[in-house]
Amino acid sequence: MKIDVMASLCKNCQQEINGNFCSNCGQSSRVGRMSFTNVMRQIPVSVFSLDRGMLFTIKEMFLEPGLMVRNYLEGQRVRYVKPLSFLVVMITLNLLFQTGAPNTLNFGNAEQVENLMTVKLLRYLFIEKFAYGVLVLLFIGSISTALAFWKRKYSYFEHVVLNAYLFGFLTFAVLLFKPLSIWSEGVPFWEEVVGKVKFLFMAGFPLKVYYEFFEKYSIWKTMRRVTLAGFIFSILLILFLVLLSGLEWDQIQQMANS
0 MKIDVMASLC
10 KNCQQEINGN
20 FCSNCGQSSR
30 VGRMSFTNVM
40 RQIPVSVFSL
50 DRGMLFTIKE
60 MFLEPGLMVR
70 NYLEGQRVRY
80 VKPLSFLVVM
90 ITLNLLFQTG
100 APNTLNFGNA
110 EQVENLMTVK
120 LLRYLFIEKF
130 AYGVLVLLFI
140 GSISTALAFW
150 KRKYSYFEHV
160 VLNAYLFGFL
170 TFAVLLFKPL
180 SIWSEGVPFW
190 EEVVGKVKFL
200 FMAGFPLKVY
210 YEFFEKYSIW
220 KTMRRVTLAG
230 FIFSILLILF
240 LVLLSGLEWD
250 QIQQMANS
């Protein structure tokens, strides 16, 4: 991995720096572009990342998400929770408050679909192994945005960072909407209102993130690129499910549990 050694100014606070860490903010003087190694290094410690930067990261993701991610990629990292840490913590919080998960996916007549491998895969990934399912979506989604926004010259792993923060915040938003969903349950009017608000937010927030992050694109060009990314994502997800469906069910469970 190519490392940028900061001999004069800290990328986080712009103060003079000597040695391995900034004496003002504590950030490392060795900050490189995101790569497979430093993205994967975050996973083992992700569950323990509920630190003082969490509330600040949530606030910045709500107010200026695209700018926040660009700042992180440009080296201003000490104030923010690491992207995969942020995502895994949000998944963990969601699972802690999740109720009735086995009933959240409705595949119709259970007797008719019980033997369909695709249905089994969906149930396994997004109910039994929810965290794995989100990570699958993250890495496939990052391929999709890297292809759709290829002219912007961000690496694949920088797209992983962008989408990890995005997926993490959307997972947090699902948690925030949960009390409203419970409150409106059984009242058709409010169920519809809450459902529409939730849909608009979940559809509109990613557009806001990509529009701010790829700042030189107009809103209409961003919408076209996001639509293209969604199309690519659908194809890749189908190919992934087809590939897995070619394996024996026992093999898939063995891989997930290893």
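Under numbering that gives the first Met the number 0, the first residue of the sequence shown carries the number 0, and numbering increases by one thereafter. Where a beta carbon is used, it is the ideal one built from N, C-alpha and C, also for glycine.
Burial check for V88: the Cβ neighbour count within 10 Å reaches 16 or more, so the residue is buried. Assigned with DSSP and collapsed to three states, S180 falls in helix.
Between the C-alpha atoms of V196 and V77 there is a straight-line separation of about 34 Å. Apart from the 5 residues on each side of it in sequence, L227 sits with its Cβ closer than 7 Å to the Cβ of A147 in its chain, given in chain order. Here F168 is near F61, since their CB atoms are less than 9 Å apart.
Comparing C-alpha distances from P82 to each of L161, G132, G74 shows the shortest one belongs to L161. At the C-beta level, E184 and E191 stay beyond 9 Å of one another. Counting along the chain, S84 sits inside the alpha helix (DSSP H) bounded by residues 82-96.
Taking all protein chains in view, the Cβ of E73 is surrounded by fewer than 16 other Cβ atoms within 10 Å, so the residue is classified as exposed.
When secondary structure is reduced to three states using DSSP, R224 falls in the helix class. Going by DSSP, G65 is part of the alpha helix (DSSP H) stretching over 64-72.
In this chain, G185 is not harboured by any alpha helix (DSSP H), its DSSP state being neither H nor E.
Inter-residue distance for V135 and V159 is about 11 Å (C-alpha atoms, whole angstroms). Taking the CA atoms as reference points, L199 sits about 28 Å from L240.
Leaving aside the five residues that flank A172 on each side, none in its chain has a CB nearer than 6 Å to its CB.
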